[in-house]
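Keeping their order, the protein sequence lines are chains A and B. Residue numbering for the first sequence is 99 to 500, as defined by this note's numbering. Residue numbering for the second sequence is 99 to 500, as defined by this note's numbering. Reviewing the structure listed below.
Protein chains: 2
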Amino acid sequence: MSLIVQKFGGTSVADPERIREVADHVARTRRHGDDVVVVVSAMGKETDELIRLAGAVSKVRPGREMDMLITAGERKATALLCMALHDLGIPADSFTGSQAGFITDNTHTNAKILELRPERLQAALRDGRTPVVGGAQGVSSDRDVTFLGRGGSDTTAVALAHALGAHSCELYTDVPGVFTADPRLVPSARRMSTISFDEMLEMTASGCPKPAMRSVEFARTWGVKLHVRSAFTWEPGTWVQEEEPSMEQAVVSAVVHDTSEAKVTVSGVPDQPGIAARLFRLLADAAVNVDMIVQNTSEHGITDISFTVPHDDLPQSEAITTALATEISASGVSSDAGIARVSLIGAGMKSNPGVAALTFETLAAAGINIEMISTSAIRISCIVRQSQVEQAVQELHTAFGL
Amino acid sequence: MSLIVQKFGGTSVADPERIREVADHVARTRRHGDDVVVVVSAMGKETDELIRLAGAVSKVRPGREMDMLITAGERKATALLCMALHDLGIPADSFTGSQAGFITDNTHTNAKILELRPERLQAALRDGRTPVVGGAQGVSSDRDVTFLGRGGSDTTAVALAHALGAHSCELYTDVPGVFTADPRLVPSARRMSTISFDEMLEMTASGCPKPAMRSVEFARTWGVKLHVRSAFTWEPGTWVQEEEPSMEQAVVSAVVHDTSEAKVTVSGVPDQPGIAARLFRLLADAAVNVDMIVQNTSEHGITDISFTVPHDDLPQSEAITTALATEISASGVSSDAGIARVSLIGAGMKSNPGVAALTFETLAAAGINIEMISTSAIRISCIVRQSQVEQAVQELHTAFGL
């Protein structure tokens, strides 16, 4: 008998029938002899709907009030799931983030967990009850309701698995696991049975939508084994865990793509110390989420700097960059919203210098131009035309025999 | 400058536009120089929708989980109203029942307030902010979320007005005040500008739907002046307050009717001490909400007992009554769902013996048979056929010159 944390995303609890199916699954796990702590997100698209409602009511949306509003969604889901569990003879109690012991900072809409005091959950478990916790929520040191941000339910689940010493943390979603490429683009894409924390992190950072990156970071830090799996087929999915030396190491594990970003380039930048630092400090202070950064080797004392940002942040990024370019007498600023990123992820890459070469050869053979390149020890990312990204993913998936 | 508690019911905040109108009104009150504490109900029919959702998910609905579910509705409304106030430049903070300091017992779905510690609201007021409190909610001594029941937002508002020493408590609703009769039945019905607590209590107990009876009881106990008014026309409504000796006293203030109950009669009951006590103890233990009780004078050692109950409680009441009737050898039990009650309310009735006579004469002249009669110092209620209640209200409204 062990303790398992089971987290169910919005699509998993989208309507009464889905909630009853989730309750069935939790009940099966309990009857199998394991203790369960459940974490739920808001039903279906409810969080989006609440944000839309806020927009219809007011132009200003103070963080404190947005958090009070949005966390109502998870409350509903916890209470309904508890009722469905009672209906199956499984005693269950709902807990808000505050009741579950999540103490956070005061950064509304994107709060950080400072401390977790899960005494009430432990007491419920001792009484043979199943706690159902609202995802992505907590209470600040000012005693206000806080929201951990989109995808925060995964973080709630991993933090609870760590604090309660759970055997593992199951993240139920609407896909059956982590794939070698997006199955909508690559029909032959394969579900991986295991993946290391490092690879999973690179994949989420490179566009793989689930699980939320922050929860993977926490899981890696705390050594919490994740099991990403489907709440629709209930089949085993993908384990995310410490790389085991015995694990057979594929050179490349997966191809990931991302079409959510745009590119900004400052050309003719005087190659002096501190200019890149100033640029990215200005962007950071404006809360622009800069992702990939590439600076070419300097020639003749001038250089180009390119970076990618989410589409929504493009206008602001252009404005900031243009102002700085004028000040430092750079030759110009250009931007491009028609890009996409394709990335190869694989822990085996570290000791295999041929991966980059094969990547570039494959894309070249397909007539796909590479506009930017960035690499880490276990990742190669190429910026290509958005219109060619689907083909790029397919060609690379085949070339690396995934 | 004084402090006013303003409570807005579900129809007053049913959609974004209504929420903005309510914010406008609160802002006007603030700019007039008064401090305001706002209490809101869930938007429109949201509470009904949440209850429907619970029914779709589960056959069992534990009170603790129902309260967690239902209170989500008021949370949303408080946050949205705060945003709309910020939009108008009025700093406002939302508070759950727990944050507002409502400590209750553990009677889920219908909790009673044990204590009110509104320190956070007082601090917000000192800072020049407008607190917006979720109606009908609190936290139990077990630290669970509790719901005060339907109509509980009125109670929240009255309790806050008392605890904060407010000048008055404004209950905003979808009608412009308290009327001498239901305006849908009697087009000439008149809004009363003032009414005493006693009369208001008798009216709510006799079928007048607003304000909630419990809040009127509390207001009377604590001497909180109520102002029942419209959130659609924003015109002054009806003041409910201590009867002032100088107040000109109408003999009869209003005609109220109620079609929500059914009648049960046990006939041929042996007239022995303790039989009525047993019957109504059995019904109370089954949580049947018995309203009007009439026992006729005993003749020849046997008597009839009639009482009214909500339609929903009728089958259970018949079963309980029939079982007891057999045991005590009563001659029979009958029930009737086709009844209605018409009541005359008036503090002036106390010293005016002609009211009962005129009531009975008026109904007789209209050919309306009276099936049961019950009176208090300031009320006369008659049970009549449901099909004749509209006519009864109209005839009495005219006969008493309302």
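Heads up, the beta-carbon is just placed ideally off N, CA and C, and yes, glycines get one too. Small disclaimer: the values here were computed from a predicted structure and weren't measured.
Query raised in the report: What is the C-beta distance between GLY199(A) and ARG218(A), in whole angstroms, given that I count them as a contact (C-beta under 8 angstroms)?
Result: 7 angstroms
Query raised in the report: So, using beta-carbon positions, are VAL552(A) and THR202(A) closer together than 8 angstroms?
Result: The displayed coordinates of chain A run from 99 to 500. Any statement about residue 552(A) would go beyond what the structure contains.
Query raised in the report: In chain order, what residues of the segment 107-135 of chain B put their CB closer than 9 angstroms to some CB of chain A?
Result: Taking 9 angstroms as the Cβ-Cβ cut-off against chain A, the residues of the segment 107-135 of chain B that qualify are ASP113, PRO114, GLU115, ILE117, ARG118, ALA121.
Query raised in the report: According to the Cβ coordinates, are ALA182(A) and VAL138(A) closer than 8 angstroms?
Result: no
**Report entry** Paired residues, beta bridge with VAL392(B) - DSSP
**Finding:** SER404(B)
Query raised in the report: Is the CB-CB distance between LEU262(A) and THR254(A) below 8 angstroms?
Result: Against a cut-off of 8 angstroms, the Cβ pair of THR254(A) and LEU262(A) comes out as no contact.
Query raised in the report: Residues in its own chain within less than 6 angstroms of GLY305(B) by CB, not counting five upstream and five downstream?
Result: VAL354, HIS355, ASP356
Query raised in the report: Which residues, taken in chain order from the segment 249-269 of chain A, show a beta carbon closer than 9 angstroms to some beta carbon of chain B?
Result: none
Query raised in the report: Under 8 angstroms, do ASP165(B) and GLY142(B) count as touching if we go by C-beta distance?
Result: no
Query raised in the report: Which residue comes first and which comes last in the alpha helix (DSSP H) that contains THR457(A)?
Result: Where THR457(A) is concerned, the enclosing alpha helix (DSSP H) starts and stops at 452-463.
Query raised in the report: Between the segment 169-185 of chain B and chain A, which residues of the former have a C-beta closer than 7 angstroms to a C-beta of the latter?
Result: ALA170, ARG173, LYS174, THR176, ALA177, LEU178, CYS180, MET181, ALA182, HIS184, ASP185
Requested in this report: Below 8 angstroms between beta carbons is the criterion; list the residues of the segment 140-160 of chain B that meet it against any residue of chain A, in chain order.
Outcome: LEU148, LEU151, ALA152, ALA154, VAL155, SER156, LYS157, VAL158, ARG159, PRO160
Report task. Please compile the residues from chain B whose C-beta is within a distance smaller than 9 angstroms of the C-beta of ARG477(A). Result -> Here the premise fails: no neighbours, minimum Cβ distance about 41 angstroms.
Requested in this report: Check whether the segment 480-496 of chain A touches the segment 420-440 of chain A, taking contact to mean three or more Cβ pairs, one atom from each stretch, closer than 8 angstroms.
Outcome: yes
Query raised in the report: Cβ of LEU167(A) less than 8 angstroms from any chain B Cβ?
Result: With its beta carbon less than 8 angstroms from one in chain B, LEU167(A) belongs to the interface.
Query raised in the report: Near GLU493(A), which residues of its chain fall below 6 angstroms by C-beta distance, leaving aside the five closest residues on each side in sequence?
Result: In chain order, THR460, ALA464 place their CB closer than 6 angstroms to the CB of GLU493(A), counting only its own chain and leaving out the 5 sequence neighbours on each side.
Query raised in the report: Distance, Cα to Cα, SER429(B) vs HIS495(B)?
Result: 39 angstroms
Requested in this report: Measure the C-alpha to C-alpha separation of PHE498(B) and GLN104(B) and round it to an integer number of angstroms.
Outcome: 34 angstroms
Query raised in the report: Whose Cβ in chain A lies nearer than 8 angstroms to the Cβ of ASP225(B)?
Result: Those do not exist, as ASP225(B) stays about 13 angstroms from chain A at its closest Cβ, beyond 8 angstroms.
Report task. Mind reading off the beta-carbon distance from VAL326(A) to LEU380(A)? Whole number of angstroms is fine, and I expect it under 8 angstroms. Result -> 37 angstroms between Cβ atoms; not a contact.
Query raised in the report: With distances taken between CB atoms, is the gap from ALA152(A) to ARG159(A) smaller than 8 angstroms?
Result: yes
Report task. Use the C-beta contact count for GLU172(B): other C-beta atoms within 10 angstroms, 16 or more gives buried, fewer gives exposed. Result -> buried
Requested in this report: Rounded to whole angstroms, what's the CA-CA distance from THR244(A) to GLY321(A)? Just pull it up for me.
Outcome: 26 angstroms
Query raised in the report: Taking GLY399(A) as the reference, which of ALA374(A), GLN370(A), LEU412(A), PRO413(A) has the closest Cα?
Result: GLN370(A)
Report task. Please state whether DSSP places LEU494(B) in a helix, a strand or coil. Result -> helix
Query raised in the report: Does any C-beta atom of chain B lie closer than 8 angstroms to the C-beta of ASP191(A)?
Result: yes
**Report entry** Three-pair Cβ contact test at 8 angstroms for the segment 358-368 of chain A versus the segment 403-416 of chain A
**Finding:** Counting C-beta pairs closer than 8 angstroms gives three or more between the segment 358-368 of chain A and the segment 403-416 of chain A, which meets the contact rule.
Query raised in the report: According to DSSP, is ILE481(A) helix, strand or coil?
Result: Note: ILE481(A) maps to strand in three-state DSSP.
Query raised in the report: What do you get for ASP272(A), buried or exposed, if any count of 16 or more other CB atoms within 10 angstroms of its CB means buried?
Result: exposed
Report task. Could you confirm whether any beta carbon from chain B is found closer than 8 angstroms to the beta carbon of ARG162(A)? Result -> Chain B places a beta carbon closer than 8 angstroms to that of ARG162(A), counting this residue as a contact.
Query raised in the report: So, does the CB of GLN104(B) fall closer than 8 angstroms to a CB anywhere in chain A?
Result: no
Requested in this report: Quick one: give me the first and last residue of the alpha helix (DSSP H) that GLU163(A) is part of.
Outcome: 161-185
Query raised in the report: GLN220(A) touches chain B at which residues, Cβ-Cβ below 9 angstroms?
Result: In chain order: nothing, as chain B lies at least about 15 angstroms away.
Query raised in the report: Does any C-beta atom of chain B lie closer than 8 angstroms to the C-beta of GLN197(A)?
Result: yes
Query raised in the report: What did DSSP end up calling PHE330(B) once you bin it into helix, strand or coil?
Result: coil
Report task. Determine the contact status of SER351(B) and ILE443(B), defining contact as a CB-CB distance below 8 angstroms. Result -> yes
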